[in-house]
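Residue numbers (our numbering): 55 to 139.
Using N, Cα and C, we set each Cβ at its ideal position, and we do this for glycine too.
These numbers were taken from a predicted model, which means no experiment stands behind them.
In what follows, a single structure is set out as structure tokens and then discussed.
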Amino acid sequence: MPDPLMYQQETFVVLEPNQPEQFVTPLELLEKLKEILSQRQQDLPRELHKFESIEAQAQHLLDTSCELDLEPGQYLHWYAVRLEK
Numbered sequence: 055m056p057d058p059l060m061y062q063q064e065t066f067v068v069l070e071p072n073q074p075e076q077f078v079t080p081l082e083l084l085e086k087l088k089e090i091l092s093q094r095q096q097d098l099p100r101e102l103h104k105f106e107s108i109e110a111q112a113q114h115l116l117d118t119s120c121e122l123d124l125e126p127g128q129y130l131h132w133y134a135v136r137l138e139k
């Protein structure tokens, strides 16, 4: 049986082109995703069309994905990390 510690998401590392890696909390990542999605409502990934709110779209990405293509050559990647044992 997997250790529940594996599923704790207290910190994420966020990778963007031409930016240093950033360590953020889940709430900070959710806010970042909401900001990006609010500017892209006309160009959403297909899987997000079923959600009525930007909050729900961002939460779905946080729960099920680790990347978002912004435009050709531009992306946002995020990964849950554990900073200490």
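Check: N-terminal and C-terminal residue of the alpha helix (DSSP H) that Q113 is part of; Outcome: 108-118
Check: For I108, the nearest candidate out of Y133, Q76, L91 (CA to CA); Outcome: L91
Check: Residue range of the unbroken alpha helix (DSSP H) whose run includes E82; Outcome: 80-92
Check: Euclidean distance between Cα positions of L87 and P126; Outcome: 18 Å
Check: C-beta contact flag for Q111 and L102 at 8 Å; Outcome: yes
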